[in-house]
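According to mature numbering (1 follows the signal peptide of the UniProt record, and there is no 0), the sequence shown holds residues -21 to -1, 1 to 269 in order.
Backbone N, C-alpha and C define an ideal beta-carbon position, used for all residues, glycine too.
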Amino acid sequence: MRRLALLLVVLLMAGCAAPRAELDADRMGRLFVDAVQRGDWPAIDKGLAPTLMASPDHAEAIEAVRKAFPADPPWSIRLLASRQVTPEEGEGQERAELQYLYQFAERRAVIDLTVVPVGWRKVVPATAQTPRRESGLLKAEPEPPAAGSPGYDVVRVYQALTMSYTEVTREDEAAQAFWAPGRTPGQWLFLGLSLGTLVFMLWTAVRVLRAPGLEARVFWALICLAGVGTAWMDWTSGIAGFLPTSLRLMGFGLEKGPSPLAPWMVSLTLPVGALLASLRLAILRLRTSP
């Protein structure tokens, strides 16, 4: 039982890591958002990806986003989500998809930003005698400085491809609350099935650990927590789906993204492991019964 409890704690802690972004993408993304809020058009033009710059209405779109910002600077900026997409994933050009929560004096906003790499720079840090210096844009990643030569940092340069501003209102947050009104009987039934799956898995694991004469009880207890396939539901909209090619531990999932506009997601997995363990217990009982 102690081993099972320790495993559950480890599984819960594994999902608590804070999001992390590629440092250069995050830094340049924040600088670009700051330039948009201040209306610093030279900095904005410098930070635009060629694809966005080529759009005839890019200035109008950025101006619309700029007008949505309050005049005061943000009190805090928090990275909500980060996704680094590579060409090997078959989704077009390499890019970083970033999402931030900006806290202002009287409002909050979610900023979605996509930046693409366009090259590299060599940056010589400032010293007491010399200012900070940087090279022009390099298309290939430069080699690290040789031993004994003047040192420099290699920085990847990103430019903005898309940007959006979504204000977080109290009505929006209330609509995403778990206990918000308007849930259908089908949604509550799905939640009940999810909880029932978890209870069945844990109950079967306890039965396995207490079963006399069963070999490899810890192994079978772990098998009880394995499920195949995942059914999920967006708790706000009621939209549901099923992923047949997934292997999960624990039969119940309840999660909400870090964004205040993210919905609760409820999920369950088919308790294949618990069913196999129940069958194993039934066979053991038949063999040992007089």
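Sequence-distant partners of G18 (beyond 5 residues in either direction) whose C-beta falls short of 8 Å from its own C-beta, in its chain, are R45.
Beta-bridge annotation (DSSP): A205 is paired with L228.
When the beta-carbon positions are compared, G217 and W211 stay at least 7 Å from each other.
Residue environment for P66: exposed (fewer than 16 other C-beta atoms within 10 angstroms of its C-beta).
In the three-state reduction of the DSSP assignment, E73 falls in the coil class. By the 16-neighbour rule on beta-carbons within 10 angstroms, Q82 is exposed. Contact annotation, G208 with P223: C-beta distance approximately 5 Å; criterion of less than 8 Å satisfied. The DSSP-derived three-state label of R112 is strand.
Under the Cβ criterion (8 Å, minimum of three pairs), the segment 30 to 48 counts as touching the segment 128 to 148. In the three-state DSSP reduction, R9 falls in the helix class (H, G or I).
The C-alpha of I262 lies about 19 Å from the C-alpha of P250. Taken through DSSP and simplified to helix, strand or coil, F83 comes out as coil. Counting along the chain, L254 sits inside no beta strand (DSSP E); it lies in the alpha helix (DSSP H) bounded by residues 251 to 267.
If you check the CB distance, A4 and V94 come in under 7 Å. Counting C-beta atoms within 10 angstroms of its own C-beta, R87 has 16 or more neighbours from the protein chains shown and is therefore classed as buried. With fewer than 16 other CB atoms across the displayed protein chains lying within 10 angstroms of its CB, T163 is exposed. Within a 10 Å sphere around the beta-carbon of W182 sit fewer than 16 other beta-carbons, which makes this residue exposed. CA-to-CA, the gap between R266 and F169 works out to about 37 Å.
Looking at the DSSP output, W211 shares a beta bridge with G220, S246. Taking C-alpha positions only, M180 is separated from E120 by approximately 51 Å. Here M229 is buried, its C-beta having at least 16 other C-beta atoms within 10 Å. If you ignore the 5 residues before and after A84, its C-beta comes within less than 8 Å of the C-beta of P49, D51, W54, all in its own chain and listed in chain order. If you draw a straight line from the Cα of E76 to the Cα of R62, it comes to about 5 Å. With contacts defined by Cβ atoms closer than 7 Å, A256 and W199 form a contacting pair. Taking the Cα positions, V103 is about 49 Å away from A153.
Under the DSSP assignment, A28 falls outside any beta strand (DSSP E); it carries neither an H nor an E label. One thing to note: G98 has its Cβ within 7 Å of the Cβ of L117. The three-state reading of DSSP puts R100 in strand, counting E and B together. Here A40 has S34 as same chain residues with Cβ atoms under 8 Å from its own Cβ, once five neighbours each way along the sequence are excluded.
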